[in-house]
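Novice: Quick note on UniProt numbering: the sequence shown kicks off at 1 and runs consecutively.
Sending over a structure as structure tokens; questions will come in a sec.
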Amino acid sequence: MHTMWKGTISFGLVNIPVKLHSATENKDIKLRQLHEECKSPLQYERTCPVCEREVENEEIVKAYEYAKNKFVVLDKEDLDNLKKEQDDKAVEIMDFVKLEEIDPIYFDKSYFLSPNEGGSKAYSLLRKTLEDTNKIGLAKIIIRSKEQLAVVRVYKNTIIMETIHYPDEVRDIQDVPNVPEEEDLGEKELTTAKTLVDQLTAEFDPEKYKDDYRESLMELIEAKKNDEEVTTAKPKPTPDNVTDLMEALEKSLDKNKGKKGATKKKATQKKTTTKKTTDKKTDEKETASGKKTS
Numbered sequence: 001m002h003t004m005w006k007g008t009i010s011f012g013l014v015n016i017p018v019k020l021h022s023a024t025e026n027k028d029i030k031l032r033q034l035h036e037e038c039k040s041p042l043q044y045e046r047t048c049p050v051c052e053r054e055v056e057n058e059e060i061v062k063a064y065e066y067a068k069n070k071f072v073v074l075d076k077e078d079l080d081n082l083k084k085e086q087d088d089k090a091v092e093i094m095d096f097v098k099l100e101e102i103d104p105i106y107f108d109k110s111y112f113l114s115p116n117e118g119g120s121k122a123y124s125l126l127r128k129t130l131e132d133t134n135k136i137g138l139a140k141i142i143i144r145s146k147e148q149l150a151v152v153r154v155y156k157n158t159i160i161m162e163t164i165h166y167p168d169e170v171r172d173i174q175d176v177p178n179v180p181e182e183e184d185l186g187e188k189e190l191t192t193a194k195t196l197v198d199q200l201t202a203e204f205d206p207e208k209y210k211d212d213y214r215e216s217l218m219e220l221i222e223a224k225k226n227d228e229e230v231t232t233a234k235p236k237p238t239p240d241n242v243t244d245l246m247e248a249l250e251k252s253l254d255k256n257k258g259k260k261g262a263t264k265k266k267a268t269q270k271k272t273t274t275k276k277t278t279d280k281k282t283d284e285k286e287t288a289s290g291k292k293t294s
């Protein structure tokens, strides 16, 4: 099981070295988005709308938008200093409370806690104490740079930690629309409803509940795969310089045309000059011999 975090849990002067593991996993079937024409997976690029170009990781900073298009930029050093101020590897149990005092709306994500090297006895002590007192521990923990409220309790033979929402993260029920006030209900209606509840009452058995949609989707995928209704993404074309090469060739042609025109003009001028020089020499020769062709 993958270890997400290593640290200590303490209550009083007792410190327990522990490791944190995710207790749940998402079983949703992830469907990729393809380009319908060529069946290739789509790619999403981080682009700047002002600079009109893709942005590299090293060019990205984090910021808080406190008003429309107004930001407070927080650099890595700022955030690292905050983490140093709060020891993110130590979890102190602040209070012990009863589990039933916490409404399920507060619960978020569950994690298994296992003893780290040298922590088995202290781990067993905390587990037994929680069992015998029927209490849970209330603590704070930093997970992925976020400080979270959490409860520490026993689940079967393991200690688990469950993150819970802060009070200001739970929305006010007054904001829920169209909730009716108390209404006068007929005795017969209420009795019938209670009878139905009694008939459907059972012990909770998580194994009896299945994700019907997920199973049906997987069956559909397998059927299509077996019927060879599959597509293979076309290989990404190797980047080349065809455009640049074509541009270079065209420029070369234009350049050569200019050279060729200039050379031809020069050759014509040279030929004309040579002809004039030859005619002149012929005339001089004929004059010297006393002969001239009329």
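Using N, Cα and C, we set each Cβ at its ideal position, and we do this for glycine too.
Only a predicted model underlies this, so the values are computations on that prediction, with no experimental measurement involved.
Exposed or buried, what is Ser289 when buried is set at 16 or more other beta-carbons lying within 10 Å of its beta-carbon?
Specialist: Numbered from 1 along the sequence shown, position 289 holds the residue referred to as residue 289. Residue confidence for Ser289 is low, a pLDDT of 48 falling below 50, so the modelled location carries little weight; the figure read from the coordinates is stated next. Exposed, by the Cβ-count rule.
Novice: Need the endpoints of the alpha helix (DSSP H) that Ala193 sits in, please.
Specialist: As a first step, residue 193 is located in the sequence shown; it is residue number 193 there, counting from the start. Per DSSP, Ala193 belongs to the alpha helix (DSSP H) from Glu187 to Leu200.
Novice: Do the CB positions of Pro17 and Gly137 come within less than 7 Å of each other?
Specialist: To locate residue 17, count along the sequence shown from 1; it is residue 17. To locate residue 137, count along the sequence shown from 1; it is residue 137. Cβ distance not < 7 Å, so Pro17 and Gly137 don't count as in contact.
Novice: With Ser114 as the anchor, note down where its beta strand (DSSP E) starts and where it stops.
Specialist: On the sequence shown, position 114 is the one that residue 114 refers to. Here the beta strand (DSSP E) through Ser114 covers Phe107 to Pro115.
Novice: By how many angstroms is the C-alpha of Glu162 removed from the C-alpha of Phe107?
Specialist: One-based indexing of the sequence shown puts residue 107 at position 107. One-based indexing of the sequence shown puts residue 162 at position 162. Straight-line Cα distance between these residues: approximately 7 Å.
Novice: Using a threshold of 7 Å, state whether the C-beta atoms of Met4 and Leu20 are closer than that.
Specialist: One-based indexing of the sequence shown puts residue 4 at position 4. One-based indexing of the sequence shown puts residue 20 at position 20. The answer is yes: Cβ separation under 7 Å.
Novice: Applying the criterion that 16 or more other CB atoms from any shown protein chain within 10 Å of the CB defines a buried residue, is Tyr166 buried or exposed?
Specialist: To locate residue 166, count along the sequence shown from 1; it is residue 166. Flag for Tyr166 reads exposed.
Novice: May I ask you to list the residues that DSSP assigns as paired with Val97?
Specialist: Position 97 of the sequence shown, counted from the first residue, corresponds to residue 97. Looking at the DSSP assignment, Val97 forms a beta bridge with Ile136.
Novice: Indicate whether Ile141 and Ala150 have their beta-carbon atoms separated by less than 7 Å.
Specialist: Translated into the one-based positions of the sequence shown, residue 141 becomes position 141. Translated into the one-based positions of the sequence shown, residue 150 becomes position 150. Yes; because the gap between Cβ atoms is below 7 Å, this pair is in contact.
Novice: DSSP three-state call for Thr163: helix, strand or coil?
Specialist: Residue mapping note: residue 163 aligns to position 163 of the sequence shown, counting from 1. If DSSP states are grouped into helix, strand and coil, Thr163 belongs with the strands.
Novice: Which same chain residues, not among the five before or five after Glu45, have their C-beta less than 6 Å away from its C-beta?
Specialist: Counted from its first residue, the sequence shown places residue 45 at position 45. Around Glu45: Glu54.
Novice: Thinking C-beta only, is Ala223 closer than 7 Å to Ser110?
Specialist: One-based indexing of the sequence shown puts residue 110 at position 110. One-based indexing of the sequence shown puts residue 223 at position 223. Contact flag unset, no.
Novice: Determine the DSSP secondary structure at Pro41, reduced to helix, strand or coil.
Specialist: Indexing the sequence shown from 1 puts residue 41 at position 41. In the structure shown, Pro41 sits in a strand (DSSP, three-state: E or B).
Novice: Name the residue from Leu113, Phe204 and Ile105 whose alpha carbon lies nearest to the alpha carbon of Asp168.
Specialist: Within the sequence shown, residue 168 is the residue found at index 168, counting from 1. Comparing Cα positions, the closest option is Ile105.
Novice: So the candidates are Asp172, Thr231 and Arg153; which of them puts its Cα closest to the Cα of Glu100?
Specialist: As a first step, residue 100 is located in the sequence shown; it is residue number 100 there, counting from the start. Taking only the C-alpha atoms, the option nearest Glu100 is Arg153.
Novice: Residues bridged to Arg53 by DSSP?
Specialist: Residue numbering aside, residue 53 sits at position 53 when the sequence shown is read from its first letter. Arg53 pairs with Cys48.
Novice: Beta carbon of Ala90, beta carbon of Gly12: below 7 Å?
Specialist: Taking the first residue of the sequence shown as 1, we reach residue 90 at position 90. Taking the first residue of the sequence shown as 1, we reach residue 12 at position 12. Result no, Cβ atoms of Ala90 and Gly12 do not sit closer than 7 Å.
Novice: Does Arg127 pass the burial test, meaning 16 or more other C-beta atoms within 10 Å, or should it be called exposed?
Specialist: Position 127 of the sequence shown, counted from the first residue, corresponds to residue 127. Buried.
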